[in-house]
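A.B. asks: With the numbering used here, letter number 173 in the sequence shown gets 173, and the count goes up by one each step, no holes.
Have a look at the structure that comes next, please.
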Amino acid sequence: MSVYTNRESLLATLKPWRKTKTIGFVPTMGALHQGHLTLVNAALKENDCVVVSIFVNPTQFNNAEDLDKYPRNLDTDVALLKSLGENIIIYAPEASDLYGDEITATDYDFQGLEHEMEGKHREGHFNGVGTILNIFFRIVEPDNAYFGEKDFQQLQIVKKLVEIENLSVNIVGVPIVREESGLALSSRNERLTETQREEAVLISKTLKKVKQQYSSHTISELNRFVKETFDKNDQLALEYFEIANEKTLKTATEKSKNKKYRAFIAVFAGEIRLIDNMALN
Ligand code: PAF
Numbered sequence: 001m002s003v004y005t006n007r008e009s010l011l012a013t014l015k016p017w018r019k020t021k022t023i024g025f026v027p028t029m030g031a032l033h034q035g036h037l038t039l040v041n042a043a044l045k046e047n048d049c050v051v052v053s054i055f056v057n058p059t060q061f062n063n064a065e066d067l068d069k070y071p072r073n074l075d076t077d078v079a080l081l082k083s084l085g086e087n088i089i090i091y092a093p094e095a096s097d098l099y100g101d102e103i104t105a106t107d108y109d110f111q112g113l114e115h116e117m118e119g120k121h122r123e124g125h126f127n128g129v130g131t132i133l134n135i136f137f138r139i140v141e142p143d144n145a146y147f148g149e150k151d152f153q154q155l156q157i158v159k160k161l162v163e164i165e166n167l168s169v170n171i172v173g174v175p176i177v178r179e180e181s182g183l184a185l186s187s188r189n190e191r192l193t194e195t196q197r198e199e200a201v202l203i204s205k206t207l208k209k210v211k212q213q214y215s216s217h218t219i220s221e222l223n224r225f226v227k228e229t230f231d232k233n234d235q236l237a238l239e240y241f242e243i244a245n246e247k248t249l250k251t252a253t254e255k256s257k258n259k260k261y262r263a264f265i266a267v268f269a270g271e272i273r274l275i276d277n278m279a280l281n
């Protein structure tokens, strides 16, 4: 396993492989947990080698403090990846290797996907995600790239990015990995206090209840149920809960037959923002 910090040396290794090997790609911002390792394992199964990028991308943060406090553990990340196998290449560059002198984001039109949910609360976030992934895809030129469904909106936007940028990579979505308690794994969980971690279980518990009640309740009843559940909790503050069409990500007010719906939620535990989602039908 090798760790590269600049694109020239990464390309020197990848170039001859492109002719004979399939390349999987798992982009990450580091602070790796079992959710990331599941993505890497899926990629290892389906490709001859896997590039894992570790880069905390500044253009996708709309809050300087959040960027500053984002956990960074390169040595631990490298050790974890080493334990998964030989055919992994780590690319952990500085911003200048990716962006050059100007760290700016492209203004994308993701055909409305970017204006829903996370887009309403994190101004410019998806332009930053699209920009960095377009840069990575053009460097790595992977056959397949792997994304967790925890960031379901991101997954849909990445599929749109591939269309817009006319890239030939196949995008693979991988189901959410949860702790035994139900809490969705996230690098941000590292920052939770013991109490916040216990309370945060309410997020997945509430989504499960919504799923159970989905066929017998209206969408406004389910919205009210979630709001009341979080109003009663003084450790967690609900930022949004929405039931949305899985494809368009548009907020649903009524259920239509033959359409797939998903519940999406964002909650603050103190200053730590947690998101989760669950398929409903
Ligand atoms: O999901 C993430 O960790 C990031 O948004 C990604 C895809 C690595 C882009 O910076």
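Virtual Cβ for every residue (Gly too), placed ideally from N, Cα, C.
#1: Just how far apart, CA to CA, sit LEU202 and LYS15?
#2: Below 8 Å between beta carbons: does that hold for ARG122 and ASN41?
#3: Rounded to a whole number of angstroms, what is the C-alpha to C-alpha distance between VAL51 and ILE23?
#4: So, helix, strand or coil for TYR214, using DSSP?
#5: Is it true that the segment 153-166 meets the segment 93-111, where meeting means three or more beta-carbon pairs spaced less than 8 Å apart?
#6: Distance check for VAL26 and VAL39, CA to CA, integer angstroms please.
#7: Shorter than 8 Å from the beta carbon of THR193 to some beta carbon of chain B?
#8: Would you check if there are 3 or more beta carbon pairs closer than 8 Å linking the segment 235-245 to the segment 260-278?
#9: For LEU207, which residues in the same chain have their Cβ closer than 8 Å to its Cβ, ignoring the five residues on either side in sequence?
#10: Counting only the same chain and skipping the five closest in sequence on each side, list residues whose C-beta sits under 6 Å from that of LEU32.
C.D. replies: Quick answer:
#1: Taking the straight line joining both Cα atoms gives about 48 Å.
#2: Note that the C-beta distance between ARG122 and ASN41 is not below 8 Å.
#3: So the two alpha carbons sit approximately 7 Å from each other.
#4: Residue state for TYR214 is assigned as coil, using DSSP reduced to three classes.
#5: Touching, yes, given that three or more Cβ pairs across the two stretches are closer than 8 Å.
#6: In the sequence as presented, Val is not what sits at residue 39; that position holds Leu. For LEU39 and VAL26, the distance between alpha carbons rounds to 7 Å.
#7: As a matter of chain content, chain B is missing from the structure shown, which is built from one protein chain.
#8: Contact between the segment 235-245 and the segment 260-278 is present, because at least three Cβ pairs lie under 8 Å.
#9: Here the set comprises ALA263, ILE265, ASP276, ASN277, MET278.
#10: Same-chain partners within the cutoff: ASP77, LEU80.
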